[in-house]
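The structure appears below as structure tokens.
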Amino acid sequence: MIYQGNAITVARGDDDIATLTFDLKGESVNKLSSAVVAELSEAVQAIQALSGLQGLVIGSAKDAFIVGADITEFQGMFGKGSEFLVEMLERVHGIFNAIEDLPFPTVSAINGLALGGGCEVTLTTDFRVMSEQAQIGLPETQLGILPGWGGCVRLPRLMGADNAIEWIAGGSQNKADAALAVGAVDVVVPGEQLAAAAKDILARANAGELDYQARRNEKTQPLKLNAIEQMMAFETAKGYVAGKAGPHYPAPLEAIKVIQKGAGEERARAQAIEAKAFAKLALSDVAFNLVGLFLNDQVVKKQAGKYEKQASPIEQAAVLGAGIMGGGIAYQSASKGTPILMKDIKEEAIELGLKEARKLFAKQVERGKLTTEQMAEKLTNIRPTLSYGDFGHVDLVVEAVVENPKVKGAVLTEVEGLVGEDTILTSNTSTISINRLAANLERPENFCGMHFFNPVHRMPLVEVIRGEKTGDAAVAATVAYARAMGKTPIVVNDCPGFLVNRVLFPYFGGFSQLMAQGADFQRVDKIMEKFGWPMGPAYLLDVVGMDTAVHAGEVMAEGFPERMGSLGGDGGKSAIQAMFENDRLGQKNAKGFYAYEEDKKGKPKKVSDAAAIELVKGVAKESREFSDDDIIARMMVPLCLETVRCLEDGIVGSAAEADMALIYGIGFPPFRGGALRYIDAMGVAAFVELADGLAEELGPLYAPTDKLREMAESGERFYG
Numbered sequence: 013m014i015y016q017g018n019a020i021t022v023a024r025g026d027d028d029i030a031t032l033t034f035d036l037k038g039e040s041v042n043k044l045s046s047a048v049v050a051e052l053s054e055a056v057q058a059i060q061a062l063s064g065l066q067g068l069v070i071g072s073a074k075d076a077f078i079v080g081a082d083i084t085e086f087q088g089m090f091g092k093g094s095e096f097l098v099e100m101l102e103r104v105h106g107i108f109n110a111i112e113d114l115p116f117p118t119v120s121a122i123n124g125l126a127l128g129g130g131c132e133v134t135l136t137t138d139f140r141v142m143s144e145q146a147q148i149g150l151p152e153t154q155l156g157i158l159p160g161w162g163g164c165v166r167l168p169r170l171m172g173a174d175n176a177i178e179w180i181a182g183g184s185q186n187k188a189d190a191a192l193a194v195g196a197v198d199v200v201v202p203g204e205q206l207a208a209a210a211k212d213i214l215a216r217a218n219a220g221e222l223d224y225q226a227r228r229n230e231k232t233q234p235l236k237l238n239a240i241e242q243m244m245a246f247e248t249a250k251g252y253v254a255g256k257a258g259p260h261y262p263a264p265l266e267a268i269k270v271i272q273k274g275a276g277e278e279r280a281r282a283q284a285i286e287a288k289a290f291a292k293l294a295l296s297d298v299a300f301n302l303v304g305l306f307l308n309d310q311v312v313k314k315q316a317g318k319y320e321k322q323a324s325p326i327e328q329a330a331v332l333g334a335g336i337m338g339g340g341i342a343y344q345s346a347s348k349g350t351p352i353l354m355k356d357i358k359e360e361a362i363e364l365g366l367k368e369a370r371k372l373f374a375k376q377v378e379r380g381k382l383t384t385e386q387m388a389e390k391l392t393n394i395r396p397t398l399s400y401g402d403f404g405h406v407d408l409v410v411e412a413v414v415e416n417p418k419v420k421g422a423v424l425t426e427v428e429g430l431v432g433e434d435t436i437l438t439s440n441t442s443t444i445s446i447n448r449l450a451a452n453l454e455r456p457e458n459f460c461g462m463h464f465f466n467p468v469h470r471m472p473l474v475e476v477i478r479g480e481k482t483g484d485a486a487v488a489a490t491v492a493y494a495r496a497m498g499k500t501p502i503v504v505n506d507c508p509g510f511l512v513n514r515v516l517f518p519y520f521g522g523f524s525q526l527m528a529q530g531a532d533f534q535r536v537d538k539i540m541e542k543f544g545w546p547m548g549p550a551y552l553l554d555v556v557g558m559d560t561a562v563h564a565g566e567v568m569a570e571g572f573p574e575r576m577g578s579l580g581g582d583g584g585k586s587a588i589q590a591m592f593e594n595d596r597l598g599q600k601n602a603k604g605f606y607a608y609e610e611d612k613k614g615k616p617k618k619v620s621d622a623a624a625i626e627l628v629k630g631v632a633k634e635s636r637e638f639s640d641d642d643i644i645a646r647m648m649v650p651l652c653l654e655t656v657r658c659l660e661d662g663i664v665g666s667a668a669e670a671d672m673a674l675i676y677g678i679g680f681p682p683f684r685g686g687a688l689r690y691i692d693a694m695g696v697a698a699f700v701e702l703a704d705g706l707a708e709e710l711g712p713l714y715a716p717t718d719k720l721r722e723m724a725e726s727g728e729r730f731y732g
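Take my numbering: the final residue in the sequence shown is number 732, and no numbers are missing along the way.
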């Protein structure tokens, strides 16, 4: 053994080939923490000190090669400032350059995920062999930063600027065949042949068959592009990427600029450009929030994982109520491999549900994600039925009938008598209390909420709602089923609207009060979209449906009369009610705050509608001018305060889960990190002051809680 550390070992074989193996003790995957990078430095020095070596293989003893840097260290490191970051990057460049400059051929054997810093390690070697199951990529731009350990320098020299831009700006994980096609790797083999293939490449390099020095020179010299080629590669890409990433995500565009600036330089100068740009992005709020988002996502996954361990597997599911929602749930279950019965009382509803599922599968075929044979096979996982005949063998039922407590209650009572004693019953309700629905059940411990968001196939969140009598086994099974469906489940406690809708309706309340005071809804939409929401509040209401919004608003008003009793301003008619009463239901009947026409793809496209503008003017009690900042504050403060209340009331278990639910459930701007991180960014004291100023005029919806005031006084934050 040449070197033995906590994460890295180096051994010399009889053939004088050294093997550097990553195997981080006590962890399921390899990560490049600062401690591991320090070990890598020592390991490389140990290799440099040896004479007579004929080559180096870098590999992993785990299922993944290296999943990247240790992201838990990022925020602490970023907080140390630009100078620290540049020095840290220069140190890593020194280690990676030492691998690249070893006096014999080198190869990486990529057996699983090689992402971020893990991918950058493989770029230091002369050759890369990859298992058929492995994936490789540089996802840093998704965290608001760019590859800082040589990825922006080596990858374009290896596979061409255009391919490298696509990988880096897109932050994609790439399969082995795609990596081979663009020259990111040299050989793809079945996993069991990886070690032999790596040794074979070194033997061929030592025999002079493969010119490893020429490979090196390519990676350390300027990019071979003339001025016109450079302009075409970079300027076209910049326009496209800027349009796709949008103004709030600077990292993809910055990465292209780094590749462009470094294109005419040799290794050292190009790496210095990369380091400087990395430090600049790392100090931005966007990077801080996106890294926070990643860490929150890990918290949510960990919580779900704990439940999953306690769960019995769901081998057969059922959905009650076909239609669009039932069809979406059936599609999601079937596509991820859990067979599902789709039950309704009407043949035409069954047809609608099947049509929805078929349409979604067909889209997968169009995109090349499935073959027609695979689609046909997956469709057999959905069994339509008009009777309860096969319900004795079902492990979990999702009730997805109309949002009416009497109808849901009757259906749940009926199905409970026809399923096994251990079958879990769930309700896909968006607002109705789980305790209320459980009242007439014989086995309320086997019942909980399973709230999907529309459209089911797109929205990642599922709220799993625990009632007073819900047992742990029901929650565990429902979480496990949501995960098996490819969803992110977050467990919340019962209350009107649960977490996401309870938080969303004060946002709509802020909107209604703005309308009552004469604000222009189209301007409000533009400002909130510029703020980062995927759609403004008026457009979102059109998508939700005015009938749904009015019904949910009534549930909220009943549940929280003091704050949400009159979301239309001073108790008069709200703009939402005016739309509903005038049969302007939104996209579902092609007229709401906007009118809707079909675009070329047959999707509804919004257009301004004079009748809607007049209708909203009719509910305004006054006509006031609002600045952009006024509008943002009046929309965001009630949403953030309700999130605080949900956390304080124990509806949601942690700040991380609350923020992730809003990002996954209603498209809260990810680069802002969530409602509670948004308060932290403003400063709790500044937020309380802003809310107090608005509460004087606008009432309890804007009033901070006592605990939030205490936090403001003591300088506390939601995230330590």
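By construction, the Cβ of each residue, glycine as well, lies at the ideal position given by its N, Cα and C atoms. Quick caveat, the model's predicted, so the values are computed rather than measured.
Between M13 and Q310, the alpha-carbon positions lie close to 36 Å from each other. Between C652 and I644, the alpha-carbon positions lie close to 12 Å from each other. The three-state reading of DSSP puts N601 in helix, counting H, G and I together. By alpha-carbon distance to N601, the top candidate from V133, M558, E634 and G274 is M558.
Of all alpha-carbon atoms in L706, R575, R646 and V555, the one lying nearest the alpha-carbon of K618 is that of V555.
For V141, same chain residues with a beta-carbon under 8 Å away, outside a window of 5 residues either side, are V119, S120, A121, I122, V197, D198, V199, V200, V201, L206, A209, A210 and I213 in chain order.
The distance from the Cβ of N308 to that of A693 is about 14 Å, inconsistent with a contact at the 8 Å cut-off. Secondary-structure assignment with DSSP links R24 through a beta bridge to A30. Residues of the same chain with a CB within less than 7 Å of the CB of P467, apart from the 5 flanking positions on each side, are G340 in chain order.
The alpha carbon of M471 has as its nearest neighbour, out of V512, I444 and R448, the alpha carbon of V512. By the Cβ rule, the stretch 102-119 counts as touching the stretch 137-152, because three or more pairs are nearer than 8 Å. Leaving aside the five residues that flank L158 on each side, the residues in its chain whose CB is nearer than 8 Å to its CB run, in chain order, E152, C164, I180, A263, E266, A267, V270, E286, A289, F290 and L293. Contact between V504 and V664 holds, since their C-beta atoms are separated by about 5 Å, short of 8 Å. Taken atom to atom, the span from the alpha-carbon of D26 to that of V48 is near 27 Å. Residue pairing by DSSP places K617 opposite E609 in a beta bridge. Relative to A492, the option among Q328, L710, V303 and E454 whose CA is nearest is Q328. The residue among E132, L192 and R166 with its C-alpha nearest the C-alpha of Q145 is L192. For C460, the enclosing beta strand (DSSP E) stretches over residues F459 to F464. Sequence-distant Cβ neighbours of L62 in its own chain, meaning closer than 8 Å and more than five residues away, are I14, R24 and A30. Of K615, D718 and R455, the smallest CA-CA separation from D661 is found for D718. By the beta-carbon neighbour count (other beta carbons within 10 angstroms, threshold 16), T490 is buried.
For E54, there is no enclosing beta strand (DSSP E); the residue is part of the alpha helix (DSSP H) that begins and ends at S46 to Q60. Bridge pairing for N186: I148 [DSSP].
The stretch 491-532 contains, as complete alpha helix (DSSP H) runs of 4+ residues, the segments 512-528 (chain order). The C-alpha of L32 lies about 50 Å from the C-alpha of K371. With a 10 Å radius around the Cβ and a threshold of 16 neighbouring Cβ atoms, R636 comes out exposed. Per DSSP, the unbroken alpha helix (DSSP H) holding P573 starts and ends at P573 to M576. Comparing C-alpha distances from E709 to each of Q525, F730, A607 and A687 shows the shortest one belongs to Q525. The straight-line gap separating the alpha-carbon atoms of G509 and S442 is approximately 6 Å.
Residue pairing by DSSP places V474 opposite F464 and P501 in a beta bridge. Shown here for V414: same chain residues with a beta carbon closer than 8 Å to its own, the five before and five after excluded, namely G333 and K420 in chain order.
Within a 10 Å sphere around the beta-carbon of N301 sit 16 or more other beta-carbons, which makes this residue buried.
Across the structure, A550 and M576 are spaced so that their CA atoms are roughly 19 Å apart.
Excluding residues up to 5 positions away in sequence, nothing lies with its Cβ nearer than 7 Å to the Cβ of E204 in the same chain.
Under the three-state reduction of DSSP, K231 is assigned to helix.
The stretch 492-502 makes no contact with the stretch 533-546, as fewer than three CB pairs between them are under 8 Å.
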